[in-house]
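Here's the structure, in C-alpha cells; my notes come after.
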Amino acid sequence: MAARNARTPSNSAPDAAPALRPAGPGRPKDLGKRAAILDAAKRMFVMHGYDGVSMDQIAAEAAVSKLTVYSHFGDKESLFAAAVKSHCENLLPSSLFEPSPATPLRERLLDIARAFYAMVSSPESVAGHRMLCTPQLAGTPLSRMFWDAGPQRVHDEFTALLRRRAATGALAIDPEPQALHRAATQFFALVKGEPHAMLVFGCCDCGPAEVEAHLVAAVDVFLRAYGREAGAA
Numbered sequence: 008m009a010a011r012n013a014r015t016p017s018n019s020a021p022d023a024a025p026a027l028r029p030a031g032p033g034r035p036k037d038l039g040k041r042a043a044i045l046d047a048a049k050r051m052f053v054m055h056g057y058d059g060v061s062m063d064q065i066a067a068e069a070a071v072s073k074l075t076v077y078s079h080f081g082d083k084e085s086l087f088a089a090a091v092k093s094h095c096e097n098l099l100p101s102s103l104f105e106p107s108p109a110t111p112l113r114e115r116l117l118d119i120a121r122a123f124y125a126m127v128s129s130p131e132s133v134a135g136h137r138m139l140c141t142p143q144l145a146g147t148p149l150s151r152m153f154w155d156a157g158p159q160r161v162h163d164e165f166t167a168l169l170r171r172r173a174a175t176g177a178l179a180i181d182p183e184p185q186a187l188h189r190a191a192t193q194f195f196a197l198v199k200g201e202p203h204a205m206l207v208f209g210c211c212d213c214g215p216a217e218v219e220a221h222l223v224a225a226v227d228v229f230l231r232a233y234g235r236e237a238g239a240a
C-alpha cells in the first residue's frame, strides 16, 4: 500500500480542502452523514492504504459531498484518526472497563482479553498495523495520531481498571503510575502474543479453540504475576 504523501497529504491537489463558510456557533451536524463518512473511510483505508485514498473518493463512497467530509473532519489525517477511534470503540467499548463490582477479576480480564484480541486481529486492524509499519509512515505524525486515537485510549482505561483492582487488594501492583502503566503494557503484550504476530506476518491464522487457549493462558500468567485473592472493583 503506497503512502508517498503521508507526511503532507494536504499538498495533494485532489485532497486540498475547499474553502468553507464558517458554520454558526452550535450548528448541528448530520450524524448520519458523519457515520457514513467514517464507514466509507474505514473501508477505503483498508482496501487502498492511506495514500491510496483521496477525500474525493471517500466522499463518493459515502454518497456525500467533499465539502461535507471536510466540514465534519477538517483534513484526511483527522479523518483517519477518527476512523481508528471509531473502530476501537466499536470493538472494544469503554463499558468493558467501567467499574463492575459483581464481576470476578479473572472473568473481567478474560472479557477484555477476548475483545482486545478480536479487535487487533480484525482485517481492519491488521491492515492498519501493516500500513503504519511501512517506511513511508513509520515515525510520521500520522503514527502518533493513530496511537492516541486507538491504543492510548484502551491503555488508559485499562490502567484505571487496574488501579481500582489494586486499591481493593485484588492485585499486587504498586499504585504509582509507572508501575500501573507497566502492568497494563504487559497484559496487552501477553494477549497479543505469538498468534497476533503470525497473523500480521500472514503466516498463520489460529483457529478459535487455539486462540481461546492462548487468551486463557495469557490471563492466568498475568494473574500469577499480580493477582492476590479474588476481588471486585
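Its first residue numbered 8, the sequence shown is counted upward by one per residue in the working numbering. Where is the CB? At the ideal position from N, CA and C, for every residue including glycine.
When the beta-carbon positions are compared, ALA191 and PHE165 come within less than 8 Å of each other. Secondary structure remark: continuous alpha helix (DSSP H) runs of at least 4 residues inside the region 103-186, in chain order: 112-127, 130-139, 148-156 and 158-175. Within the same chain, LEU45 and LYS49 come within 8 Å of SER93 by CB-CB distance, once the 5 residues on both sides are set aside. Within the same chain, VAL60, GLN64, ILE65 and GLU68 come within 7 Å of MET51 by CB-CB distance, once the 5 residues on both sides are set aside. Beta-bridge partners assigned by DSSP to GLY234: LEU178. Counting C-beta pairs with one atom in each stretch, the region 201-209 and the region 86-106 have fewer than three that are closer than 8 Å, which means they do not touch. For the pair ALA120 and LEU222, the CB atoms are nearer than the 8 Å cut-off.
Put simply, of VAL71, VAL76, MET126 and MET138 the residue whose alpha carbon is nearest the alpha carbon of MET54 is MET138.
In the structure shown, ASP63 adopts helical secondary structure according to DSSP, grouped into three states. For VAL53, the enclosing alpha helix (DSSP H) has its first and last residue at 38-55.
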